[in-house]
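Contents: one structure, followed by commentary.
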Amino acid sequence: MKEYLSTQQRVLLLTAGVLQLIAFGMMALDPAPSGFGVLTLWISPIVLIVGLMLPVVAFSDSINKSSLTRLLKNDSLKTIGFFSSFIIAFITYLLTLEPTASLWDCSETLAAAFKLQVPHTPGTPMTLLLGRLFSMLAMGDVTKVAWFINLMSGFFSSLAVAITFLIIWYLGSRFINSKIALITGSLIGALILTFSDSFWFSAVEAETYGPSVFFMVLLVWLSIPTESMTKEKKQKRVLFISYLLGIAYCIHPMSILILPVCVIFWQLPQDQKASWKSLGLSFVIGVVIILFISKVVAVSLFEWAFLADLFVVNKLSLPVYSGVFVLIAILGGTSFVLWNKLPKVRLSVLAVVFIVAGFSPYLMLFIRSAQLPPINEFTPGNLAKIKPYMNRESYPGRPLVYGPYYDAQITDVTTKAQSYVLNDGGYKEVGEVPDYQYDSDRMTILPRIYSNDPSHVKVYQQWTGLQPNEKPKFSDNLKFLFSYQVGHMYLRYLLWNFAGRVSDEQHADWSKPWYGLADREAIAYNRANNQYFLLPLFLGLFGFFIHSRRDRSGFVANLAFFLITGLLLTIYLNGTPNEPRERDYIYVGSYLAFSIWAGIGAMWIASRFEGKKAYISSLLILIPGWMMYQNWDDHDRSDRTFQVDYARAVLGSCEEGAILFTGGDNDTFPLWYLQEVEGFRTDVRVKVLSYFNADWYINQLSRPYYDSPPFELTLKTGDNEYGPYDPVYIQERMTSVIDWNKYMKALNARNPNLMFRNRSSELFFLPSRKVSLKTPEGEMGIEISGSYLPKSEMAILDIIASNDWTRPIYFNFTSINSLKINMKDYVVQEGLVYKLQSTPHTGREIPVDLDQSYENLVLKANYSNLANSSVYFNYEDYHARMINPLRFAFNQLISEYLKAGLKEKAQEVTKFAYQNLYFDHLRPSYADLQMGQILRATGEEDQGEILIRRTIRFYQQHIEDLLATNQTPSRNDLAILQEGARLLNDPQVNQAYSRLIAKIR
1 MKEYLSTQQR VLLLTAGVLQ LIAFGMMALD PAPSGFGVLT LWISPIVLIV GLMLPVVAFS
61 DSINKSSLTR LLKNDSLKTI GFFSSFIIAF ITYLLTLEPT ASLWDCSETL AAAFKLQVPH
121 TPGTPMTLLL GRLFSMLAMG DVTKVAWFIN LMSGFFSSLA VAITFLIIWY LGSRFINSKI
181 ALITGSLIGA LILTFSDSFW FSAVEAETYG PSVFFMVLLV WLSIPTESMT KEKKQKRVLF
241 ISYLLGIAYC IHPMSILILP VCVIFWQLPQ DQKASWKSLG LSFVIGVVII LFISKVVAVS
301 LFEWAFLADL FVVNKLSLPV YSGVFVLIAI LGGTSFVLWN KLPKVRLSVL AVVFIVAGFS
361 PYLMLFIRSA QLPPINEFTP GNLAKIKPYM NRESYPGRPL VYGPYYDAQI TDVTTKAQSY
421 VLNDGGYKEV GEVPDYQYDS DRMTILPRIY SNDPSHVKVY QQWTGLQPNE KPKFSDNLKF
481 LFSYQVGHMY LRYLLWNFAG RVSDEQHADW SKPWYGLADR EAIAYNRANN QYFLLPLFLG
541 LFGFFIHSRR DRSGFVANLA FFLITGLLLT IYLNGTPNEP RERDYIYVGS YLAFSIWAGI
601 GAMWIASRFE GKKAYISSLL ILIPGWMMYQ NWDDHDRSDR TFQVDYARAV LGSCEEGAIL
661 FTGGDNDTFP LWYLQEVEGF RTDVRVKVLS YFNADWYINQ LSRPYYDSPP FELTLKTGDN
721 EYGPYDPVYI QERMTSVIDW NKYMKALNAR NPNLMFRNRS SELFFLPSRK VSLKTPEGEM
781 GIEISGSYLP KSEMAILDII ASNDWTRPIY FNFTSINSLK INMKDYVVQE GLVYKLQSTP
841 HTGREIPVDL DQSYENLVLK ANYSNLANSS VYFNYEDYHA RMINPLRFAF NQLISEYLKA
901 GLKEKAQEVT KFAYQNLYFD HLRPSYADLQ MGQILRATGE EDQGEILIRR TIRFYQQHIE
961 DLLATNQTPS RNDLAILQEG ARLLNDPQVN QAYSRLIAKI R
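Right, here's the structure in full:
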């Protein structure tokens, strides 16, 4: 041990371990509800981060001669460039930082980080810990927490830019001697990364990709050896990198994709003439280490611990977690034998130990999960749940090497594994994990078109040209791989970042140079229409060519970086179509690698034009400058708060003690942020339907959280793990209505008359589509659609039946429209939410509660952010999901006032809506045409016509712009234009519409 670690290092490492144990102990022993006390939220994060940083201090002597300080010393140009790239990036991100919770996973990250809760897999515990530390800078002001955690992303993204500057400098210095050329190219490459679309987008919100990219480039930088490094220093560097690999995985698993690049850099000779065999071997070694970390350390260790615990607890009656110590003893003994019998593997053994040590932040997640916080996704609080959590078993598997076509039929269902829960001091078997076997004739290598989801099959057929009844072939697999997965879902993203994009609407194309510049004064101008005229792309391709000719080893290293985080990652992920949003952020590592080539390209040009012609190369700095100019208006989020205002309006619409069902991420995560961070309306229980099939999520209803008392449930803990509720199938054996309470009693008793067998499984069925629930007024009749009743909707019926109408129940627009049980006959609209009633309404349309809708929409909500013309609200996230539904809710309320003969009230609300929701900088929609008609009906005919004409002008130009960029207008765009023309009945408008339709045809 002494040959690898000095006495001082061993003391520091031992101290680090002790501090981490103290931190974890304080978390575990925190007496506050859900562990939300001072010990967990204030003291232990500081102690834990000190414990995690001490190994960095311990290994400082392994990097002192090649640390950033050493490399910058006596090199003023490199120093200037390094700090300039950091400062420019940091100021950019600081000025454009989102002040509150962003959409998608960002709100979840904020809520989880602020109180160290458990987000969806892979958990990213180190990101949560860093987020918690940054949130402390808010000094108790919960309205500033989001800004400071967003700042974390900006800070680490800026550090990544600065280290990228150094990597470009290093690679360029291997074949270019001019310091002016080196700083010019390195700075240009770093700034191209700074202002690239996807990197900038992630840098100003609370996401893990900024810290993840920082660790990627840090690992690469630490892998660059220097001539002065002794063997001892190299060994310590290996151990240091090993430790950081574990930490990096805790930031995000994608961080370790850089490993093949690190191995290649470690082997880089100074003469640029490494053999292809040597480079290939380095690449393979890196891939093997990735597989070892991601499969063995991250998953198998926890599986082995569970299997050991299962044996010693269930068979030997030892206490729970005894198996962990058994496994530690076995692994420790194995390491001891290897250490003494095989001296050559000692460094490898120590490296594995340090990788495992770097995984210690995951203990924080497991401890916090056991304390049952409100956000506790998949509840990895014991060994039975940790392995599925780490292996992401909650997500559908995707075949990679061998799998079925989408038309393959299931021929058999076997048992893949047994599922267990921890119960009464032992592990109880609760079900089987099925393994589906398919018709061998419909299996293929490299399966790409494998999903049998009807919406996916439709897209497969569109992209491959397959007819509905035509069997797919291997050539169709390849066609979909190259056209959709590689072309549409990767290369398009790459070109967004280095050629520009035509808009930020779903499936928007990259910007060809002949499209020209968008007219920023045009009514249909999209701020995300960014045109780079291919300049960054050509610069990167030129750098690619120069690098391949001048430095084979460095080129292969960066090529590996580019391919692993881009093309190969695309093939590995094997994504299905119809993603809810664009996934460009996944491939940010490949954009960084391409930025390195752009820097090398600029560096080579600068080296050719020195002296009197130096001004020519200096013009290259205009390329990232132009990218900044093009991207600023759609990446500046510094004043945008409407997403939180909207979420506040939704939560504020619910009565005290209510439960609110939502339908998706953007419906839910901002509500979590408001409750967990700002403490707003913690009496409302928010439940997202996409999680509500999970046992852990249903079980949370039986526990109190904050100001929300527990709900009564017939589905008791354990009943909803597996078995009869997962799901119940519909077999119409009777037409009469079934009493739900009686049915549930029979189901809980496992009545054999409700059972049937399917292959090797015993399943339960519901013998009618019609069920009834008791209400204070009598009975509530519910009809069920589809072939089965999912557990989520059984739980909804259980909540209704078990709580005797003492707790208000609400749905949002997404959830009410996604249910198999027909609840629309029993809800009333109250602005942005739908409240469940015990009596049905008689009309075809959902009725509107006028007084409550007025209070929720007019008196409670805040729309001031929409008036700010400098704030950009994109179509997909804001207009389609928030602004348009809000406009429609107002229009519905006004229409109901008019039907009721309350014209003055209708005029009041119309004026309010028109002044708060209809601005020239907001995109019009069908709701604008409705408002135009309402304005006419309430005596504001001129304003109504102006609004309708503006909508027509917008869609005329919008469709013209789509046609000019070879895109097809949507049916919705054409329908709005057609309806506007009909409403105006203006001959000129009709003629313009006809000409436009003729162009499309």
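1 is the number of the first residue of the sequence shown in the working numbering; add one for each residue after it. Glycine is no exception: its CB is placed at the ideal position from the N, C-alpha and C atoms.
- In the structure shown, W805 falls within a coil segment according to DSSP collapsed to helix, strand and coil.
- Collapsing the DSSP output to three states places D75 in coil.
- Cα atoms of D509 and D961: separation of roughly 12 Å, rounded to the nearest angstrom.
- The alpha-carbon separation between M794 and P122 amounts to approximately 29 Å.
- Rounded to the nearest angstrom, the gap between the Cα atoms of Y170 and F59 is 23 Å.
- Counting along the chain, S772 sits inside no alpha helix (DSSP H); it lies in the beta strand (DSSP E) bounded by residues K770 to T775.
- DSSP, reduced to helix, strand and coil, places R1001 outside both helices and strands of the structure shown, so it counts as coil.
- I264 is the residue among I264, P211 and N751 whose C-alpha sits nearest the C-alpha of L222.
- Of the residues L21, G431 and L128, the one whose Cα lies closest to the Cα of D695 is G431.
- Under the criterion of beta carbons closer than 8 Å, T184 and L620 qualify as touching, at roughly 7 Å.
- Taking the CA atoms as reference points, K315 sits about 55 Å from E876.
- The C-beta of H507 has fewer than 16 other C-beta atoms within 10 Å across all chains shown, which makes the residue exposed.
- For S394 and K385, the gap between their C-alpha atoms comes out near 11 Å.
- DSSP lists no beta-bridge partner residue for I596.
- Counting along the chain, N423 sits inside the beta strand (DSSP E) bounded by residues I410 to N423.
- Comparing alpha-carbon positions, the option among A614, D412 and L400 lying closest to T570 turns out to be L400.
- The alpha-carbon of Q462 is positioned some 45 Å away from that of S838.
- A direct Cα-to-Cα measurement between D504 and A206 gives close to 20 Å.
- The residue among G286, M53, T411 and V650 with its C-alpha nearest the C-alpha of C262 is G286.
- Each residue's CA atom was taken as its position, placing G980 and I88 some 47 Å apart.
- Here D645 carries a helix assignment [DSSP, helix/strand/coil].
- Between the alpha carbons of L622 and Y629 lies a gap of roughly 10 Å.
- With a cut-off of 8 Å on Cβ pairs, the region 77-87 is in contact with the region 173-184, counting three or more such pairs.
- If you look at Y493, you'll find it in the alpha helix (DSSP H) that goes R492 to F498.
- For G843, the secondary structure class from DSSP, reduced to helix, strand or coil, is coil.
- Secondary structure of F325 (DSSP, three-state): helix.
- Ranked by Cα distance from A32, the first of N340, S317, P373 and N803 is P373.
- Note that the C-beta distance between L187 and F201 is not below 8 Å.
- As the crow flies, the alpha-carbon of T682 is around 6 Å from that of Y706.
- N741 and L898 have their C-alpha atoms roughly 42 Å apart.
- For I730, the enclosing beta strand (DSSP E) starts and ends at V728 to I730.
- With respect to the C-alpha of I809, the residue from V833, D825 and P790 having the closest C-alpha is V833.
- Going by DSSP, P434 is part of no alpha helix (DSSP H) but of the beta strand (DSSP E) stretching over G426 to Y438.
- Contact annotation, F302 with M390: C-beta distance approximately 5 Å; criterion of less than 8 Å satisfied.
- Listed as beta-bridge partners of W104 by DSSP are no residues whatsoever.
- When DSSP states are grouped into helix, strand and coil, V320 belongs to the coil group.
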